[in-house]
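A short worksheet on the structure shown next.
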Amino acid sequence: MGKPTRRDLLKGTGALGAAAVVDGALGTPARARPLVQGRPEQATTVTDRHGVLDVAVIGAGVSGAYAAWRLLGPEAERSRKLKELRQRRGGPPAVALFEGSERVGGRLFSVTPPGMPHLHAELGGMRYVSSQPVVPDLVDHLGLPTDPFPVDEPQNLVYLRQHRFTQSQWNDPKVVPYGLPATIRGKTPDDALLSVIERFVPHADTMDHQAWDKIKPTASADGRHLYDIGFWNLLLDAVGQEGWTFLRDGLGYGSVVDNVNTIEAMEASTADFVGSPPPQYQLLRNGYQTMPEELVRRFEAEGGTVHLHHQVRRIDRETVDGEEVLTLALSVWPTGRPLTVRARHVILAMPQRSIELLDPDTFLFTSDQFLSDLGSIIPRPASKLFLGYDRPWWEDLGLNAGRSVTDLPLRQTYYWGVEGKQPGADPANRNALLLASYNDLSDVEFWNELLTRPNRLAPVAVTRPPRPMDAAAPGTLVDEAQRQLRELHGPHARIPDPTAAYFQDWVQDPYGAAYHFWQVGAKSWEVMPRMRHPLPDANLYVCGSAWSTGQGWVYGALSQAELMLEEHFALPRPTWLSPSVYLGA
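Here's what the structure looks like:
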């Protein structure tokens, strides 16, 4: 066989996941709140006399919604580049937001169960850290109400190797069922991981993002750069197989200690889980999806247009009236009608897999550097299962908030909330919501095997309509989750049948992953600026959390979008965001 072509490399089979299908016994599936009603053709995009947009933003997740909003916001009038577009048009730039699915939000997907109007099952992103850049300031600016998000409460359960104890007992070696080396014996998984990180990066727990970026090119161990070492390999050398298994099981996330770029994993762990002081998590009271929804609402109020059901298939370059423009070939669903859109600038607010699904002849793929940068990250699967009940049965066991952790495929169980305890709710309403399983990596496949789905090995064609977000969980999956919940909580647990069930696996196309992580050997500080503007001679840009140091977090998506706008559209930083805030390389 000859050397594979770019077309061969980009065809990739991809990891095929599936949205859960409806099981009749569980009733009608809930769906996300619709933002735009009616037919996808309703929005009208204003173009110039040649039919050319100024900016086309592709993808209505949080980074695309943010970029579109900022391009028409108050700072736009102070941008030299946007001023030129205004003068050419004689008015505000023509900016349009295109989304292949039926909804705004991307991997922020909030579902409201029946009978629980003040509770929201967060099937994608669910929280942020109060110290993260951009997010808290944007939440305040948009006026979105928040609540604390508890995680590890002392009374919550740990169930590992068929031993059940509480979070308060991590420090007792007689209780924890692992033969650990002295260096981490008697420590919580968080403290144990931090102690290993600080052997190689002293004072890591107090370092901010700027400090991490400063050391990434040079930090080393045994003469090797940390970015060139797999984190699993390093941890295995440091604490042995039993210590690594303890960390994987006890942290609740396999991805935290997997074989990814060590220096990036260290930063992510200290910033997101084990820093000092401990991270303070927050959630959006009305659902995380309300953030991109509000951004899009404000974008439309400024004259922007939103086109749902518009799936981009290919991007080309052409010349119109002596000017080079980018040409987008789209399919408009449900009919599949082809549509051509031309734009002077194109922003791809898309994850890795969505870009890979573009036609292989898209001009971007002629760049070897772009293909290398596109592959500098690893897709990571994760899934969530929410169960609703007519009462909070876990409170009978003294469990009120936060999570319990297990090595069962459930991995993490969060006691999400009781309807009657929410602000503005009826106090007599005892309906309750449980994040029964939050899992990643190999545990995702355990749950996927319990889904009912047609021909799961069939390839997904780029010309096929995007599947609607349908989060209903099948009864086979729910039954197994109920069995594991009983094992986790012990013989005294009286767990009723659920009244609602929602499951989401983000491996399904066009997402390809719940989040991404840097490959071993990747130099993030070099890749991120290149991805924001992949080809110097084309007005095309990429933003999102995939190529950021906040992978899997909204702040990663917002930081990269803001940097892209500041660098390539000359947008001044918004007044609600401090000019001294460090956004990354």
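Under our numbering, the first residue of the sequence shown is numbered 4, with each subsequent residue one higher. Ideal Cβ positions, reconstructed from N, Cα and C, are used throughout, including at glycine.
- Burial state of Arg73 is buried, judged by a 10 Å Cβ sphere holding 16 or more other Cβ atoms.
- Here Asn174 has Gly189, Lys190, Thr191 as same chain residues with Cβ atoms under 8 Å from its own Cβ, once five neighbours each way along the sequence are excluded.
- By the neighbour-count criterion, in which a residue is buried when 16 or more other Cβ atoms sit within 10 angstroms of its Cβ, Lys217 is exposed.
- In this structure the stretch 66-85 does not lie against the stretch 362-371, because fewer than three pairs of beta carbons, one per stretch, are closer than 8 Å.
- Annotation: the continuous alpha helix (DSSP H) that includes Ile358 extends over 355-359.
- In this chain, the beta strand (DSSP E) harbouring Val58 covers 55-61.
- For Gly67, the enclosing alpha helix (DSSP H) stretches over residues 65-74.
- Straight-line measurement puts the Cα of Arg91 at about 42 Å from the Cα of Met129.
- Boundaries for Asn442: no alpha helix (DSSP H) harbours it, while the beta strand (DSSP E) harbouring it runs 435-443, taken from the DSSP string.
- When the five nearest sequence neighbours on each side are left out, the beta carbons in the same chain lying within less than 6 Å of the beta carbon of Arg301 are those of Trp72, in order along the chain.
- Of the other Cβ atoms in all chains shown, fewer than 16 fall within 10 Å of the Cβ of Ala185; this residue is therefore exposed.
- Below 8 Å, enough C-beta pairs join the stretch 500-508 and the stretch 473-490 to call them touching: three or more.
- When C-beta atoms of the stretch 119-134 are compared with those of the stretch 286-303, three or more pairs fall below 8 Å, so the two segments count as touching.
- Inclusion of Met353 and Gly547 in the CB contact set at 8 Å is warranted, their separation being smaller than that value.
- Around the Cβ of Val132, a 10 Å sphere holds 16 or more other Cβ atoms; the residue is buried.
- Around the C-beta of Pro337, fewer than 16 other C-beta atoms lie within 10 Å, and the residue is accordingly described as exposed.
- Below 8 Å, enough C-beta pairs join the stretch 557-577 and the stretch 62-70 to call them touching: three or more.
- Counted as a single uninterrupted DSSP element, the beta strand (DSSP E) harbouring Leu100 occupies residues 98-101.
- The three-state reading of DSSP puts Thr416 in strand, counting E and B together.
- Note that the C-beta distance between Ala385 and Asn442 is below 8 Å.
- Secondary structure of Ile187 (DSSP, three-state): coil.
- Put simply, of Lys526, Ser527, Gln314, Asp324 the residue whose alpha carbon is nearest the alpha carbon of Ile358 is Gln314.
- Ile381 has Phe520 as its beta-bridge partners, per DSSP.
- Beta-bridge pairing by DSSP links Asp319 to Thr330.
- Per DSSP, the beta-bridge partners of His228 are Ser223.
- For Phe234, the enclosing alpha helix (DSSP H) starts and ends at 234-254.
- Collapsing the DSSP output to three states places Leu141 in a helix.
- In this structure Pro116 is buried. Its beta-carbon is surrounded by 16 or more other beta-carbon atoms within 10 angstroms.
- Within the model, the alpha-carbon separation for Met567 versus Val55 is close to 22 Å.
- In this structure Arg535 is buried. Its beta-carbon is surrounded by 16 or more other beta-carbon atoms within 10 angstroms.
- Here the alpha carbon of Tyr505 sits roughly 22 Å from the alpha carbon of Ala428.
- Listed in chain order, the non-local C-beta contacts of Asn262 below 8 Å within the same chain comprise Gly233, Phe234, Trp235, Asn236, Val523, local neighbours out to five positions each way being set aside.
- The stretch 438-453 makes contact with the stretch 405-418, as at least three CB pairs between them are under 8 Å.
- If you look at Ala346, you'll find it in the beta strand (DSSP E) that goes 340-351.
- The three-state secondary structure of His166, taken from DSSP, is strand.
- Between the C-alpha atoms of Ala268 and Tyr585 there is a straight-line separation of about 19 Å.
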